[in-house]
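>
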Amino acid sequence: MENIRMEFEGASGTVIIGENGTRSPTFYINGLSENKEAIVMASIFVNGTNTTFNPRYKNEKEIWFTRNGVRPPAVPKCGFEGKQQESITFSSPNKLQCPPDFITTYLLWVIIAGVILLICILGCIAGFIVAVLNKRAETARLNELWQIPFTSLEVVANKEKTTSHRSLQSSVASNKFSVDGKCESRNYAYFLYQNEPIAALKHEIRINLDAKDGAAFRMMRQIENENVNRFVGICMDGPQMLSVWRYCSRGSINDVIMKGAIIMDNFFVVSLLKDIANGISFIHHSFLECHGYITAKCCVVSDRWQVKVSDYGIDKLRIADKRTHRDLLWTAPEILRSSNSGKSKEADIYSFGIICAQVVTQSPPWDLDNRKEDPEELIYMIKKGGHNAPRPPLDVQENGDVNQALVRLKIFTMIWLIL
17 MENIRMEFEG ASGTVIIGEN GTRSPTFYIN GLSENKEAIV MASIFVNGTN TTFNPRYKNE
77 KEIWFTRNGV RPPAVPKCGF EGKQQESITF SSPNKLQCPP DFITTYLLWV IIAGVILLIC
137 ILGCIAGFIV AVLNKRAETA RLNELWQIPF TSLEVVANKE KTTSHRSLQS SVASNKFSVD
197 GKCESRNYAY FLYQNEPIAA LKHEIRINLD AKDGAAFRMM RQIENENVNR FVGICMDGPQ
257 MLSVWRYCSR GSINDVIMKG AIIMDNFFVV SLLKDIANGI SFIHHSFLEC HGYITAKCCV
317 VSDRWQVKVS DYGIDKLRIA DKRTHRDLLW TAPEILRSSN SGKSKEADIY SFGIICAQVV
377 TQSPPWDLDN RKEDPEELIY MIKKGGHNAP RPPLDVQENG DVNQALVRLK IFTMIWLIL
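Be aware that the sequence shown starts at 17, since it is given in our numbering, and climbs by one per residue.
1) In the structure shown, what three-state DSSP assignment does Phe-369 receive?
2) With DSSP as the reference, label Pro-71 as helix, strand or coil.
3) Measuring alpha carbon to alpha carbon, tell me which residue in Thr-167, Lys-52 and Asn-70 is nearest Met-252.
4) For Arg-246 and Lys-290, I'd like the C-alpha separation in whole angstroms.
5) For Ile-221 and Met-257, what's the separation of their Cα atoms in angstroms?
6) Shortest alpha-carbon distance to Val-375 belongs to which of Tyr-328, Leu-288, Cys-94 and Ala-405?
7) Could you check what DSSP says for His-219 in three-state terms: helix, strand or coil?
8) How would you write the range of the alpha helix (DSSP H) that Gly-230 sits in, first residue to last?
9) Among Pro-409, Pro-255 and Ser-326, which has the Cα closest to the Cα of Asn-243?
10) Specify, as a first and last residue, the run of the alpha helix (DSSP H) that Cys-315 falls within.
11) Going by the DSSP bridge assignment, what does Gly-29 pair with across the sheet?
12) Which whole-angstrom value is the C-beta distance of Phe-61 and Ser-40, which I expect to be below 8 Å?
13) Give me the DSSP bridge partner(s) of Gln-48.
14) Starting from Phe-144, follow the alpha helix (DSSP H) in both directions and report where the run begins and ends.
15) Note down the Cα distance separating Ala-231 from Cys-372, rounded to an integer number of angstroms.
16) Less than 6 Å between C-beta atoms, sequence neighbours within five positions excluded: which residues of the same chain meet that for Asn-159?
17) Can you give me the start and stop residues for the alpha helix (DSSP H) that Cys-293 sits inside?
18) With DSSP as the reference, label Phe-193 as helix, strand or coil.
19) Kindly identify the DSSP beta-bridge partner or partners of Glu-170.
20) Can you tell me the Cβ-Cβ gap for Ile-292 and Phe-368, rounded? I've got them flagged as a contact below 8 Å.
21) Looking only at DSSP bridge pairs, what is Ser-259 linked to?
22) Any heavy atom of the ligand HEM within a distance shorter than 8 Å of the CB on Lys-290?
23) Any idea what DSSP makes of Val-86, helix, strand or coil?
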């Protein structure tokens, strides 16, 4: 092993074999010249722990021509992490070697911009909060319009305490009929609200009304149509939940027919039915879409003999109300067969047809007084349907002034109007 040590010139340069038989390595640094030619820039010879650097260039600028002949510093001016301290520690102690950062250079402008941005953000947040609070306040104010306190409903005085059954409000307005003498029924109670007579429809259960219901009631209060009865509001804090409507002094179409005190001719019949058709058509083309509970009892008559469709838009309140078989006589067969209380425009038109037959014949619905079936049996037959399904009679009273053919033609025209 002592003779193994040798040194000779090889193809790549001097080769040195050490005493242990290993070659001392030589590393070459290769690169490109300014003319893009491959050159050896330097060699590094390692002999044990000794290292020898042998440059192959004459001028250092030759290898740093891409940097204008200037060698890059061993440590960047601002250190490897961009910190001034490294620059001071490893290179020159001159603090000005490291240029100031953006924040330091424009600190004042950064502060001003930050303050302006903060003010804008706070302003937007404050504006949003104010808008929400104003919206809630406006919604609460509008809700107060349809939320009627029970204490604001004035019970009508008894007959014995009044001097006229038709002039309870003569001091308020001479052209208003009073509700004095109007007895409370199973479905309705009568009050004065803000010196105006109102009819309050009773509901069996109390339900929780949500924001969607409140929005619908606010829109209902804005309805203005001569053939749609005015919705006043909902009373939720009384003994019963009440939906409150403008009072019409002549009662409902059903009341007018059952009293039989008015002789109806063609013009009068068509006028009444046209009012009902106009009211239903308005409801069908409004946000309500359909009524769902149309009967002759909800078609009320004003003191000027103008018919107004009432009791609309309160499906949620009426869903648990008890309806007798007599109340269902105006209901379409498909609704009777349905397990849930549905509604549709087609069912409304069916109900309108039953009212038409009732007005033309000036008799109870389905002429119950002259039928052998009671309301329960009749409802069963209507629900069952088939070829022998019952049809409402259209036989005009012999002593009446109604032309049956003409009225039928008018009815068909009004149904097309609704559609």
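For each residue, glycine too, the CB sits at the ideal point set by N, CA and C.
Looking at the coordinates:
1) As a position in the sequence shown, residue 369 is number 353, starting the count at 1. The question names Phe, but residue 369 in the sequence shown is Gly. Taken through DSSP and simplified to helix, strand or coil, Gly-369 comes out as helix.
2) Along the sequence shown, one-based indexing puts residue 71 at 55. Strand, per DSSP.
3) Within the sequence shown, numbered from 1, the residue matching residue 252 stands at position 236. Comparing Cα-Cα distances from Met-252 to each of Thr-167, Lys-52 and Asn-70, the minimum goes to Thr-167.
4) Along the sequence shown, one-based indexing puts residue 246 at 230. Along the sequence shown, one-based indexing puts residue 290 at 274. In a straight line, the C-alpha of Arg-246 is about 18 Å away from that of Lys-290.
5) Here residue 221 is taken as the residue at index 205 of the sequence shown, counted from 1. Here residue 257 is taken as the residue at index 241 of the sequence shown, counted from 1. Cα to Cα, the separation comes out at about 7 Å.
6) Sequence index remark: in the sequence shown, residue 375 carries index 359 (1-based). With respect to the C-alpha of Val-375, the residue from Tyr-328, Leu-288, Cys-94 and Ala-405 having the closest C-alpha is Leu-288.
7) Here residue 219 is taken as the residue at index 203 of the sequence shown, counted from 1. When DSSP states are grouped into helix, strand and coil, His-219 belongs to the strand group.
8) Translated into positions along the sequence shown, residue 230 becomes position 214. 227-237 is the span of the alpha helix (DSSP H), which, as asked, contains Gly-230.
9) In the sequence shown, the residue the question calls residue 243 occupies position 227. Asn-243 has its Cα closest to that of Ser-326, out of Pro-409, Pro-255 and Ser-326.
10) What you label residue 315 is simply residue 299 of the sequence shown in a count that begins at 1. Annotation: Cys-315 is outside any alpha helix (DSSP H); the continuous beta strand (DSSP E) that includes it extends over 315-317.
11) Along the sequence shown, read from residue 1 onward, the residue named residue 29 stands at position 13. Its beta-bridge partners are Gly-26.
12) Start at 1 with the first residue of the sequence shown, and residue 61 comes out as number 45. Start at 1 with the first residue of the sequence shown, and residue 40 comes out as number 24. Their Cβ separation, rounded to whole angstroms, is 7 Å, which keeps Phe-61 and Ser-40 in contact under 8 Å.
13) Position 32 of the sequence shown, counted from the start, is the residue given in the question as residue 48. Per the sequence shown, residue 48 should be read as Leu rather than Gln. In the DSSP output, where bridge partners are listed per residue, Leu-48 has Ala-54.
14) Your numbering for residue 144 matches position 128 in the sequence shown. Per DSSP, Phe-144 belongs to the alpha helix (DSSP H) from 123-162.
15) Here residue 231 refers to the residue found at position 215 when the sequence shown is read from its first residue. Here residue 372 refers to the residue found at position 356 when the sequence shown is read from its first residue. Using only the alpha carbons, I get a separation of about 33 Å.
16) Taking the first residue of the sequence shown as 1, we reach residue 159 at position 143. Excluding positions up to five away in sequence, the list reads Gly-230.
17) To locate residue 293, count along the sequence shown from 1; it is residue 277. The sequence shown places Ala at residue 293, rather than the Cys named in the question. Per DSSP, the continuous alpha helix (DSSP H) segment holding Ala-293 begins and ends at 282-300.
18) If you number the sequence shown from 1, residue 193 lands on position 177. Note on Phe-193: pLDDT 45, under 50, position unreliable in the model; the coordinate value appears next. The three-state reading of DSSP puts Phe-193 in coil, since its state is none of H, G, I, E or B.
19) One-based indexing of the sequence shown puts residue 170 at position 154. Beta-bridge pairing links Glu-170 to Leu-208.
20) Along the sequence shown, read from residue 1 onward, the residue named residue 292 stands at position 276. Along the sequence shown, read from residue 1 onward, the residue named residue 368 stands at position 352. By a beta-carbon distance limit of 8 Å, Ile-292 contacts Phe-368. Their separation comes to about 6 Å.
21) Counting from 1 along the sequence shown, the entry for residue 259 is found at position 243. Assignment of beta-bridge partners to Ser-259 by DSSP yields Leu-217 and Ile-250.
22) This structure lacks the ligand HEM, and indeed carries no ligand of any kind.
23) What you label residue 86 is simply residue 70 of the sequence shown in a count that begins at 1. Of the three classes helix, strand and coil, the one that applies to Val-86 here is coil, per DSSP.
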